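Chains as they are written, first to last, in our numbering: chain A, 27 to 163; chain B, 170 to 559; chain C, 170 to 507.
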């Protein structure tokens, strides 16, 4: 497989994935989530950690038909059908793409309030990867 | 800066060829391009080659360009692999134009190739989803259609664009492809049938997406001063623009426009000294229906809220005021990812020479043609403007 | 551990959202072998003991508005994904950026959850001024065609333990060990429980030992039982308990393994009044008992998190095929993985 998240990359990102840690630019205060090397606003490259609340609203979403999701989610899709994916506008400003869980997509609309929850994303190479999904608040 | 001429174009018929090799596909496109140079050209005279592909067929990771070059009778030519997802060969073309324009190459070649049909289903899905920000977009469980579907949902929310208008792009482009002998899908599709197709990534159904395609294309360029040594019918490249953007859609302030496309278009228009109103036909990047809707505004043809209406009213049909994707576009003609960009140049060059494959597809009095080639969900965009030469 | 007051500052529970009824088993198999089970909670495809542990712990801390401040984490569970690679570290990563916190995993039997709570108490007694988080989380599994699969459920309970024991103070603890042969066991490397379903009574002797060895301990105002309906009947007789003062969640949420007794404890605390004695008992390969005295802090917690009864009554009931799919019991790739 030529494209997947390596374990070292996954490991580095667990603070962002499990504790929703953003980076606050020490020069201009802009929040970066996910974190990035250089501030998108002012170009500075120094950040301090700022954990986000996990609350947000739905900015947009889609429903991935069975068989369509990346291979890591193939078993989940085979077993449980469609996957709902959305971009969540977090209360603090940044947006993040994430899977939505425990939700009937017909109940969703742009603006639906959501909150973050830890869920099991997938198993690969014998290692479990956990991450954040969003559920209706 | 030198002026840049296109002196030969060639491509394979787009389709699915699991048993063909990368080498034989590329060789076929190259052969067609060389044959298109009616006064003949010696491959040994090519100074630089730029070959685009996303996946190298899933196997040939290193030295991909030299392998393609030797397959096409160009062993020895200086070449390199260019990658910007679906804009790979659009960028290969940009690089070739700039090499010629700068004088560092007298004759250059830009091409592209993609083989998408020879991997087992699971591995195929692995790399198909890679042109987003893999760390975040992939782990959210989305595929590529899902990303554009989310953009479509915002467009409907912000501009009251309707699903029927969006899917109308596919109906138009499938109609256009019927008469294109190089196209993968040559059967029309009614709007009702398209709207009733199975869900792909809501609100997209299968009809809103391009398919899986194998194909190759190649373009030969040279300093305009020597073009007539090779052909009596060159086409001039009068504008080239490029841009990039945040790859993940959650990092963009708006997902109903592609800033990279706007920048690339602005640069191309400026260099060409023309505006959107001067464009007689455009080959735009309709990997999904909404992508063409976005293109109308990104290229300055109309406002965002008008784009859906343009489709509904047939403004962008062959015979309409602003024909878009008369080749069938990515949805009708096919989307062999790495080959699409130079495939668009193939179509424009033929149209601007008055030699569209199949005369019924010819856009009358075509003077300026625009190619709009997007990588992924807009992370990279190349725009080119070509002009007919009297 | 006398001379110090250690107890609970906060507690909370987490149940998965999905439910399946005993009648779904009757439809599938002709009977529900878990006698007395009405319905149970179970993990969706993307849930497991770890996600439940995090949910319960976050709720525990959020309901008192606390930024995580604890120096040890005790995790009691029998169905974590790894035998080596501590899931407690994953849970910790989800709760706090601090790395200097002791993490201990307890497993081996349904007593592991209460054992984690007792261990947290002992940690705090040995480290005056410090707090510990005790979490019990479990989602045991068994082969689809095993009758003892019918009762297996899932859930988690978390407790913030320390010297500010306004919610409840620890009183006493006792335990009885019993080597069982054939009942509820799981060999290393196996994800699914095995049970030879012998006629040996592993409950009555344990209760007898417990009541004989610690007669003062078992006096209670409220009883919290982590065991199935059959064992509960015996326990209530042995402790002279009434239905009205007993919290025994098994008929509604199923066998949540090491989390069942802590869930029952949380359910009892939801109902308890200042000054009442609560006795929590976990039965399985012996028994663990823990007595607490409810405090005036309980009233302040009311309304800040759902009660066990509310969570239990809620949820979405699905059919047996959906149950098998979510629990990966139909997966050729991941079936049999914890």
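Using N, Cα and C, we set each Cβ at its ideal position, and we do this for glycine too. What you are looking at is a predicted structure, and each value in this text was computed from that prediction instead of being measured.
Legend entry - Within 8 angstroms, strictly: CB atoms of residue 428 of chain C and residue 178 of chain C: Reading the third chain from its first residue, position 259 is the one you call residue 428 of chain C. Reading the third chain from its first residue, position 9 is the one you call residue 178 of chain C. No. Outside cutoff.
Inset, instruction - Output yes if chain A places a C-beta closer than 8 angstroms to the C-beta of residue 497 of chain C; else output no. - result: As a working note, residue 497 of chain C is residue 328 in the third chain. Yes, because at least one Cβ of chain A sits closer than 8 angstroms to the Cβ of residue 497 of chain C.
Legend entry - Contact list for residue 494 of chain C against chain A, beta-carbon separation under 8 angstroms: In the third chain, the residue the question calls residue 494 of chain C occupies position 325. Within chain A, the residues near residue 494 of chain C are 105, 106.
Legend entry - Cβ-based contacts, 7 angstroms cut-off: residues of the stretch 210-221 of chain C near chain A: 214, 215, 216, 217, 219, 220
Inset, instruction - Given a cut-off of 8 angstroms, decide if residue 44 of chain A and residue 144 of chain A are closer than it, judged by their beta-carbon atoms. - result: Along the first chain, read from residue 1 onward, the residue named residue 144 of chain A stands at position 118. Along the first chain, read from residue 1 onward, the residue named residue 44 of chain A stands at position 18. In this structure, residue 144 of chain A lies near residue 44 of chain A, with their beta-carbon atoms less than 8 angstroms apart.
Inset, instruction - Figure out for me which residue from C:265, C:322, C:315 has the closest Cα to the Cα of residue 42 of chain A. - result: Position 16 of the first chain, counted from the first residue, corresponds to residue 42 of chain A. Nearest of C:265, C:322, C:315 to residue 42 of chain A, Cα basis: C:265.
Inset, instruction - Give a yes or no on contact between the stretch 197-206 of chain C and the stretch 315-328 of chain C, applying the rule of three or more CB pairs nearer than 8 angstroms. - result: With three or more CB-CB distances shorter than 8 angstroms, the stretch 197-206 of chain C counts as touching the stretch 315-328 of chain C.
Inset, instruction - Reducing DSSP to helix, strand and coil, say where residue 185 of chain B ends up. - result: For the purposes of this step, residue 185 of chain B is taken as residue 16 along the second chain, with counting starting at 1. Of the three classes helix, strand and coil, the one that applies to residue 185 of chain B here is coil, per DSSP.
Legend entry - Nearest-angstrom Cα separation, counted from residue 433 of chain C out to residue 481 of chain C: Position 312 of the third chain holds residue 481 of chain C. Position 264 of the third chain holds residue 433 of chain C. If you take the alpha carbons of residue 481 of chain C and residue 433 of chain C, they lie about 11 angstroms apart.
Legend entry - Inter-stretch contact (C-beta, 8 angstroms, three-pair minimum) for the stretch 92-111 of chain A and the stretch 53-72 of chain A: No, because fewer than three Cβ pairs between the stretch 92-111 of chain A and the stretch 53-72 of chain A fall closer than 8 angstroms, the two stretches do not touch.
Legend entry - Beta-ladder partner(s) of residue 457 of chain C, from DSSP: Against the third chain, residue 457 of chain C aligns to sequence position 288. BP columns for residue 457 of chain C point to C:344, C:451.
Legend entry - Runs of beta strand (DSSP E) wholly within the stretch 194-237 of chain B (minimum 3 residues, chain order): Listed in chain order, they are 217-221.
Legend entry - Proximity below 8 angstroms, CB of residue 346 of chain B to CB of residue 502 of chain B: As a first step, residue 346 of chain B is located in the second chain; it is residue number 177 there, counting from the start. As a first step, residue 502 of chain B is located in the second chain; it is residue number 333 there, counting from the start. The criterion of a C-beta distance shorter than 8 angstroms is satisfied by residue 346 of chain B and residue 502 of chain B.
Legend entry - Residue of C:278, C:499, C:380, C:233 minimising C-alpha distance to residue 343 of chain C: In the third chain, residue 343 of chain C corresponds to position 174, counting from 1. Out of C:278, C:499, C:380, C:233, C:380 has the C-alpha closest to the C-alpha of residue 343 of chain C.
Legend entry - Short Cβ contact (8 angstroms threshold) for residue 218 of chain C with residue 248 of chain C: Counting from one through the third chain, the residue named residue 218 of chain C turns up at place 49. Counting from one through the third chain, the residue named residue 248 of chain C turns up at place 79. A contact, by the Cβ cut-off of 8 angstroms.
Legend entry - Cβ-based neighbour list, residue 497 of chain C, same chain, cut-off 6 angstroms, excluding 5 preceding and 5 following: Here residue 497 of chain C refers to the residue found at position 328 of the third chain. For residue 497 of chain C, where only same-chain residues beyond five positions count, the Cβ hits under 6 angstroms are 503, 504.
Legend entry - chain C within 8 angstroms of residue 81 of chain A, Cβ atoms only: Taking the first residue of the first chain as position 1, residue 81 of chain A is located at position 55. False, the Cβ-Cβ gap to chain C never drops below 8 angstroms.
Inset, instruction - From the DSSP output, in three-state form, read off residue 349 of chain B for me. - result: In the second chain, the residue the question calls residue 349 of chain B occupies position 180. Reduced to three states, the DSSP call for residue 349 of chain B is coil.
Inset, instruction - Under the assumption that residue 286 of chain B contacts residue 383 of chain B (Cβ atoms under 8 angstroms), give the Cβ distance between them as a whole number of angstroms. - result: One-based indexing of the second chain puts residue 286 of chain B at position 117. One-based indexing of the second chain puts residue 383 of chain B at position 214. At roughly 5 angstroms, the Cβ-Cβ gap stays under 8 angstroms, so residue 286 of chain B and residue 383 of chain B are in contact.
Legend entry - Closer than 8 angstroms to chain A by CB, residue 311 of chain B: Within the second chain, numbered from 1, the residue matching residue 311 of chain B stands at position 142. Taking Cβ atoms only, chain A reaches closer than 8 angstroms to residue 311 of chain B, which makes this a yes.
Inset, instruction - Taking only beta-carbon positions, decide if residue 127 of chain A is within less than 8 angstroms of chain C. - result: Position 101 of the first chain, counted from the start, is the residue given in the question as residue 127 of chain A. Output row for residue 127 of chain A: interface = yes.
Inset, instruction - For chain B, find out if any of its Cβ atoms is closer than 8 angstroms to the Cβ of residue 119 of chain A; answer yes or no. - result: Residue 119 of chain A sits at position 93 when you count from the first residue of the first chain. Not one chain B Cβ lies under 8 angstroms of residue 119 of chain A.
Legend entry - Rounded separation between residue 461 of chain B and residue 381 of chain B - CA only: Here residue 461 of chain B is taken as the residue at index 292 of the second chain, counted from 1. Here residue 381 of chain B is taken as the residue at index 212 of the second chain, counted from 1. Those two C-alpha atoms are separated by around 18 angstroms.
Legend entry - Below-8 angstroms beta-carbon distance, residue 368 of chain B vs any chain A residue: To locate residue 368 of chain B, count along the second chain from 1; it is residue 199. Cβ-Cβ to chain A under 8 angstroms: yes for residue 368 of chain B.
Inset, instruction - In the DSSP assignment, find the beta strand (DSSP E) that holds residue 47 of chain A and state where it starts and stops. - result: Counted from its first residue, the first chain places residue 47 of chain A at position 21. It spans 47-51 - the beta strand (DSSP E) in which residue 47 of chain A sits, taken as one unbroken run.
Legend entry - residue 413 of chain C in three-state terms, based on DSSP: Your numbering for residue 413 of chain C matches position 244 in the third chain. Three-state DSSP puts residue 413 of chain C in a helix.
Legend entry - Own chain partners of residue 212 of chain C with C-beta closer than 6 angstroms, once the 5 adjacent residues on each side are dropped: For the purposes of this step, residue 212 of chain C is identified with residue 43 of the third chain, where counting begins at 1. So the qualifying residues of the chain are 185, 308, 323.
Legend entry - Length of the line joining the Cα atoms of residue 247 of chain B and residue 217 of chain B: To locate residue 247 of chain B, count along the second chain from 1; it is residue 78. To locate residue 217 of chain B, count along the second chain from 1; it is residue 48. Distance between the alpha carbons of residue 247 of chain B and residue 217 of chain B is about 5 angstroms.
Inset, instruction - Could you tell me how far apart the beta carbons of residue 410 of chain B and residue 370 of chain B are, in whole angstroms, since I believe they sit closer than 8 angstroms? - result: In the second chain, the residue the question calls residue 410 of chain B occupies position 241. In the second chain, the residue the question calls residue 370 of chain B occupies position 201. Their Cβ separation, rounded to whole angstroms, is 30 angstroms, which puts residue 410 of chain B and residue 370 of chain B out of contact at 8 angstroms.
Inset, instruction - Quick one: grab the DSSP three-state call for residue 446 of chain C. - result: Looking up residue 446 of chain C in the third chain gives position 277. Residue 446 of chain C falls in the strand class under three-state DSSP.
Inset, instruction - Could you tell me whether the Cβ of residue 506 of chain B comes closer than 8 angstroms to any Cβ of chain A? - result: Against the second chain, residue 506 of chain B aligns to sequence position 337. Not closer than 8 angstroms to any Cβ of chain A, the Cβ of residue 506 of chain B fails to qualify, so no.
Inset, instruction - Measuring only between beta-carbons, confirm whether residue 308 of chain B sits less than 8 angstroms from chain A. - result: As a working mapping, residue 308 of chain B is identified with position 139 in the second chain. Using a CB distance cut-off of 8 angstroms, residue 308 of chain B counts as an interface residue toward chain A.
Inset, instruction - Would you verify that the beta carbon of residue 262 of chain C is, or is not, closer than 8 angstroms to some beta carbon of chain A? - result: Within the third chain, residue 262 of chain C is the residue found at index 93, counting from 1. Cβ-Cβ to chain A under 8 angstroms: yes for residue 262 of chain C.
Inset, instruction - Within 10 angstroms of the Cβ of residue 282 of chain C, are there 16 or more other Cβ atoms? Answer buried if so, exposed if not. - result: Indexing the third chain from 1 puts residue 282 of chain C at position 113. So residue 282 of chain C counts as buried.
Legend entry - Residue burial classification, residue 260 of chain C (beta-carbon count within 10 angstroms, cutoff 16): Locating residue 260 of chain C in the third chain gives position 91, counting from the first residue. Label assigned to residue 260 of chain C: buried.
Inset, instruction - Would you check if the distance between the CB atom of residue 36 of chain A and the CB atom of residue 155 of chain A is smaller than 8 angstroms? - result: Taking the first chain and counting its residues from 1, the one referred to as residue 36 of chain A is at position 10. Taking the first chain and counting its residues from 1, the one referred to as residue 155 of chain A is at position 129. A contact, by the Cβ cut-off of 8 angstroms.
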